[in-house]
Structures are given as structure tokens and as C-alpha cells.
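Protein chains in written order, with my numbering: chain A, 6 to 146; chain B, 6 to 146; chain C, 6 to 146; chain D, 6 to 146. Note that beta-carbon positions come from the ideal geometry of N, C-alpha and C, so glycine has one too.
Number of protein chains: 4
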Amino acid sequence: MYEYSREVYYYETDQMAVVHHSNYIRWLEEARTRYFAEVGLPYEVTESLGILSPIIGLEIEFKAFGRFGDRFTVKLCMPKYTGVRFDIEFIIVNQNNDTLAQGKSHHAFVSSKTYRPVSLAKAQPHLHQGMLGCIEAGGYE
Amino acid sequence: MYEYSREVYYYETDQMAVVHHSNYIRWLEEARTRYFAEVGLPYEVTESLGILSPIIGLEIEFKAFGRFGDRFTVKLCMPKYTGVRFDIEFIIVNQNNDTLAQGKSHHAFVSSKTYRPVSLAKAQPHLHQGMLGCIEAGGYE
Amino acid sequence: MYEYSREVYYYETDQMAVVHHSNYIRWLEEARTRYFAEVGLPYEVTESLGILSPIIGLEIEFKAFGRFGDRFTVKLCMPKYTGVRFDIEFIIVNQNNDTLAQGKSHHAFVSSKTYRPVSLAKAQPHLHQGMLGCIEAGGYE
Amino acid sequence: MYEYSREVYYYETDQMAVVHHSNYIRWLEEARTRYFAEVGLPYEVTESLGILSPIIGLEIEFKAFGRFGDRFTVKLCMPKYTGVRFDIEFIIVNQNNDTLAQGKSHHAFVSSKTYRPVSLAKAQPHLHQGMLGCIEAGGYE
């Protein structure tokens with residue numbers, strides 16, 4: 006399980022005086038970016054090889070409000086990777102360990118030229134091995 | 006079925022040269038805001054009565070990339086309303102009628118003071134009647 | 006003078022219950038994009054010719070708060086164009102004609118490959134002529 | 006001089022493959038928030054006392070493009086404070102010490118109820134003393 010944490014920014018709040026829910030989607034991306042960088046598969050490398058990994062699906066439950074002054078932590082893992090697609094399971098908690106949100110996102114590898122699916126297993130065996138090594142069961146729910 | 010449409014803004018793109026997926030979440034809110042205003046249940050009225058309607062869940066599939074230069078349309082309906090919660094079913098298409106995203110979001114009514122669930126049926130029977138009148142089956146999938 | 010108008014989105018507010026000031030910067034871009042599209046110089050065309058027009062400077066005064074429920078109008082004109090750079094003068098008002106913000110932004114033409122300055126006059130004489138035809142004195146202040 | 010630093014997020018880029026300029030405005034707010042927290046004048050305290058400090062003006066020069074993969078640093082100081090208003094002078098650099106942007110922002114204290122100007126000197130002498138202690142000449146230019 007990987008953990009990514011930072012403080013809530015003022016501009017992430019809305020007039021309900023809580024974090025606007027669209028920012029949770031952005032926090033998840035921040036966390037994935039750091040995660041893949043730390044396991045040796047940074048976006049910059051993948052993109053320089055002509056491979057993008059867009060999100061293709063998301064299920065998320067919003068459980069409690071985040072607020073300015075909070076420090077959130079995204080906990081994530083990759084329970085599934087097929088060579089073409091992968092899933093990320095996540096939970097977002099605040100400094101009191103209240104669950105703000107949890108769920109799962111789905112991602113695919115596509116060519117940065119054609120935007121069509123790419124088998125990482127075939128196109129970049131080295132990165133494929135790296136991905137295989139990261140598979141880890143979730144179990145936040 | 007309600008339709009909301011506008012052009013993609015430049016700042017909504019990312020370096021993949023497509024719309025960043027977090028903006029779809031924002032477009033859905035834009036569409037819901039207009040929808041509820043047009044059926045006579047504007048956020049301003051609800052909030053002035055001390056009632057908020059935060060999102061509590063979302064399932065979304067990202068099917069194709071949106072791009073700068075596109076004009077998107079959010080089509081939505083409210084297939085379910087219980088007096089306390091409601092669902093919104095949606096599809097987002099571009100000017101060529103390509104599906105960019107589709108899914109369902111879940112919402113609840115909460116007090117703007119306590120952030121706890123509120124029964125609109127009890128708290129605001131008039132708004133409750135309005136909501137009942139909007140229930141409409143989806144069937145985008 | 007060109008006018009661009011739309012409603013404030015909910016997600017553009019912050020916990021001060023007013024529009025977060027960073028969104029004014031985005032509204033200005035929305036307005037410029039529409040403006041240049043309507044005078045026949047759309048970003049898509051310019052970018053397809055390998056020319057970008059980044060902002061290189063901005064002076065803005067924030068005069069009053071925008072709010073959810075407001076409809077804002079950006080009024081702008083291009084008082085100066087040198088073949089390499091141009092200025093945009095702007096004022097943002099709400100539906101009551103209260104000034105929300107006003108100021109001036111500065112822009113340059115650069116190559117999308119090298120990110121270095123480009124003379125539109127030399128590189129694209131046709132677009133240059135179009136720009137010349139748009140010069141218009143401001144005078145909002 | 007105070008320094009605030011973090012990595013660029015993917016979603017902060019646009020299709021020019023550089024950081025969208027509106028995010029610089031947000032970075033400046035992040036930096037001010039941390040700055041005032043660290044000198045003992047956190048927004049939460051000020052807001053809980055019914056005092057907001059909105060931005061009332063900004064002059065900024067955009068000098069170079071920020072990119073995904075960069076780590077930026079905002080360096081700021083408060084060269085002027087009058088009891089009612091204050092200025093922040095800033096420069097934003099990347100990891101190579103290239104200047105991305107620089108300028109000055111202007112802020113006022115207002116009541117969170119009336120949104121009208123407030124003299125911090127009168128309303129909150131203790132915070133006023135804290136502000137006085139932070140005045141520091143700039144000189145980035």
C-alpha cells in the first residue's frame with residue numbers, strides 16, 4: 006500500500022466550506038503520479054516512450070467532507086494488472102483517519118500517437134515487468 | 006431528459022492534448038445546476054433554506070477523449086428520488102455524438118448547519134413535490 | 006469592444022462564498038478564445054500553424070466579489086499589436102454592471118516547437134493582417 | 006524571505022504541454038497560506054475572527070514555462086503593511102533556478118460578514134503586531 010499526503014489548499018474549497026468533490030479526482034492523480042514515480046515507472050518515462058495511461062473508469066463513494074486546514078492521505082494499491090489495463094484501489098482519509106472517499110479507478114495503456122490501446126507487455130517488456138512487481142491486493146472495504 | 010451544452014475551454018485540456026478527466030466531473034455539476042434551475046429547484050433556493058445536496062457517489066466510464074474545439078453535451082435524467090436521496094444518470098457526448106463518458110451519480114440532502122441528512126419530504130414538502138415531478142427513467146446504457 | 010458572458014459555476018466559488026480570484030484569469034482566457042474565434046483567428050488555426058500565443062504579463066485589479074448565481078460579462082479589446090506582441094484590455098462586470106475586475110494582459114507569439122518568439126508579420130502575413138484589423142482603443146479606466 | 010516548494014501536478018498542464026498560467030495564481034495562494042501559518046497568522050485563525058484577506062490586485066510577468074516534472078519554488082516577502090492593506094512580492098523559480106514568473110500582489114482585510122474593509126490594527130491588535138513583525142523588503146527585481 007502506498008500513501009500520499011498533503012494539506013488541503015484554500016482554492017480547493019467551495020461555498021459549502023468543504024473541499025469541492027472534483028478535487029478528490031485530482032488528488033487521486035497526484036497520488037498515482039507519485040506512486041508510479043516511486044516504483045520506478047514515472048509518467049515522464051512512459052510518455053517519452055509514446056505511451057499514455059488514461060483513466061477509463063471510476064467508482065467513488067464520498068463519505069465525509071474534507072476541509073481547509075485538513076491534511077489528507079490517499080492510500081492506494083494496484084490489485085489488478087493485465088498487461089493492457091490496470092486497476093487502482095484507493096481510500097482517502099483525513100488527519101483524524103475519517104474516510105473522506107474510497108473506490109476504484111480503471112486505467113489503460115494507449116499510444117500517444119493514435120490514442121489506441123497498447124499492450125505494455127509487448128511494447129515495453131521492461132515496464133511490464135515493473136508493473137507486474139507492483140500488483141498487490143487491496144482490501145480497504 | 007435534460008441537455009446542457011457548451012464549448013470546451015482551453016484551460017480544461019492537459020498535456021495529453023485532451024480534456025483532463027476531472028473536468029467531466031465539473032461539467033456534470035454545471036449540467037445539474039442548470040437542470041435544477043430550469044425545473045424550478047435552483048441551488049440558491051435550496052441553499053437559502055439551509056439544505057445542501059452533496060454528491061455521495063459516482064460511477065463513470067470514460068469512453069473517448071474530449072478536445073479543445075469540441076462542443077460537449079451532457080444529457081441527464083433523475084431516475085430515482087427517495088425524499089432523502091436521488092440519482093442522476095448521465096451521458097456526455099461531443100458534437101459528433103461520440104460518447105465521451107457515461108454513468109450515474111448519487112446525491113443526498115443534508116443540513117447546511119449540521120451537514121447531516123435531511124428528509125426533503127419533511128423539511129420542504131413543496132420542494133419535495135417538485136422533485137417527485139422530475140423523476141424520469143434513464144436508459145442511456 | 007467584444008463581450009463574452011456566462012453564468013458563474015458552483016465549483017468556481019470558495020469558502021468565502023465568492024468566486025475564487027484564479028477563475029477570473031480563466032474567464033479572461035475563455036473570452037479571448039471566443040474573441041479570436043469570432044474575428045477569424047481561432048486558436049485552433051494558429052496552433053495548427055505552429056504558433057502559440059502565451060500570456061507574458063498581467064495587471065489586474067479585483068474590485069468586487071463575484072458570486073454563484075451571478076452572470077458575468079468580460080468586455081475586452083486589443084489596443085496594441087506590434088506583429089510580435091499584443092495587449093488585451095479588459096473589464097469584468099456582473100449582471101448589475103458592478104465592476105468585478107479590470108486590467109490588461111500582454112501576449113506574445115511563439116513557436117510551438119521552440120517556444121521562442123515569432124513575428125506573426127513574417128511567419129503568417131495573412132493572420133498578421135487579421136490582427137491589424139482588430140486593433141481598437143480601450144478606455145475602460 | 007519565505008520559500009514554498011512542491012512538484013507540478015499533471016492536471017496543471019494544458020495542451021501547450023506547459024503549466025497553465027492560472028495555476029501560478031493558485032501556487033501564490035498556497036505559498037501565502039503556508040507563509041502566514043508559519044509566522045503564526047494562519048487563515049483559519051483570521052477567518053475564525055471574522056476577518057478575510059482577499060486579493061485586491063496583482064501584477065505578474067510570466068517569464069518561462071513551467072512543466073510537468075518540474076519542482077517549483079515560490080519565494081515571497083511582505084514589503085508593505087499599513088494596518089488595512091498589505092503587499093506580497095514574489096518570484097517563482099523552477100529547480101534550475103529559471104524564473105517562471107514574478108510580481109506583486111495586493112491584499113486587504115475585510116469583514117467576513119459585510120465584506121467591507123477592516124483595520125486589523127483596531128480590530129485585532131495582536132494580529133496587527135504579528136503583521137508588523139513580518140514586514141521585510143523585497144528586491145527580487
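{"Check": "Proximity of D:D92 and D:M83 at Cβ, strictly below 8 Å", "Outcome": "yes"}
{"Check": "Whole beta strand (DSSP E) elements within the stretch 48-81 of chain B, 3-residue minimum", "Outcome": "60-67"}
{"Check": "Helix, strand or coil at A:R11 according to DSSP, with G and I counted as helix", "Outcome": "strand"}
{"Check": "Residues, ordered as in the chain, of the stretch 60-75 of chain A that lie near chain C by beta-carbon distance below 8 Å", "Outcome": "F73"}
{"Check": "Identity of the residue in D:E64, D:A36, D:V123, D:V50 nearest C:I30 by Cα", "Outcome": "D:E64"}
{"Check": "Residue-level contact to chain C via CB, A:S53, 8 Å cutoff", "Outcome": "no"}
{"Check": "Distance, D:A126 Cα to D:H133 Cα", "Outcome": "5 Å"}
{"Check": "Endpoints, alpha helix (DSSP H) assigned at C:R37", "Outcome": "27-43"}
{"Check": "DSSP-derived helix/strand/coil call for D:K118", "Outcome": "coil"}
{"Check": "Whole-angstrom distance between A:Q129 and A:G135, CA atom to CA atom", "Outcome": "10 Å"}
{"Check": "Contacting positions in the stretch 106-129 of chain C - beta carbon closer than 8 Å to chain D", "Outcome": "S117, Y120"}
{"Check": "Proximity test, Cβ basis, 8 Å: C:T38 and chain B", "Outcome": "yes"}
{"Check": "Near the ligand NAD: B:V123 beta-carbon under 7 Å from a heavy atom", "Outcome": "By its list of ligands, the structure shown contains no ligand whatsoever, and the ligand NAD lies outside what it can speak to."}
{"Check": "Selection of the stretch 12-40 of chain C by Cβ proximity to chain A, strictly under 7 Å", "Outcome": "Y15, Y16, T18, D19, Q20, A22, H25, S27"}
{"Check": "Neighbour flag for D:E8 against chain A, beta carbons, 8 Å", "Outcome": "no"}
{"Check": "Beta carbon proximity, B:E49 to chain C, threshold 8 Å", "Outcome": "yes"}
{"Check": "Within-8 Å CB hit, D:L57 to chain C", "Outcome": "yes"}
{"Check": "Cut-off 6 Å between Cβ atoms - residues of its own chain near B:A36, not counting five sequence neighbours on either side", "Outcome": "Y9, V79, L81"}
{"Check": "Top-ranked residue by Cα proximity to A:V2, from A:Y120, A:F67, A:T87", "Outcome": "Outside the displayed span of chain A (6 to 146) sits residue 2 of chain A, for which this structure offers no information."}
{"Check": "Test item: CB-CB of B:Q20 and D:A22 under 8 Å", "Outcome": "yes"}
{"Check": "Nearest to D:F73 (by Cα), restricted to the options D:M6, D:R39, D:T18", "Outcome": "D:T18"}
{"Check": "Distance, C:S124 Cα to A:H25 Cα", "Outcome": "42 Å"}
{"Check": "Opening and closing residue of the beta strand (DSSP E) in which D:G108 lies", "Outcome": "104-113"}
{"Check": "Closer than 8 Å to chain G by CB, A:D19", "Outcome": "The chain inventory of the structure shown lacks chain G, comprising the protein chains A, B, C and D."}
{"Check": "A:L137 and A:Y86 closer than 8 Å at C-beta", "Outcome": "yes"}
{"Check": "Local Cβ density within 10 Å of A:H112, reported as buried at 16 or more and exposed below that", "Outcome": "buried"}
{"Check": "Sub-8 Å separation of B:H60 and B:S117 beta-carbons", "Outcome": "Reading the sequence as shown, one finds Ile at residue 60 of chain B and not His. Their beta carbons are not under 8 Å apart, which means B:I60 does not touch B:S117 by this criterion."}
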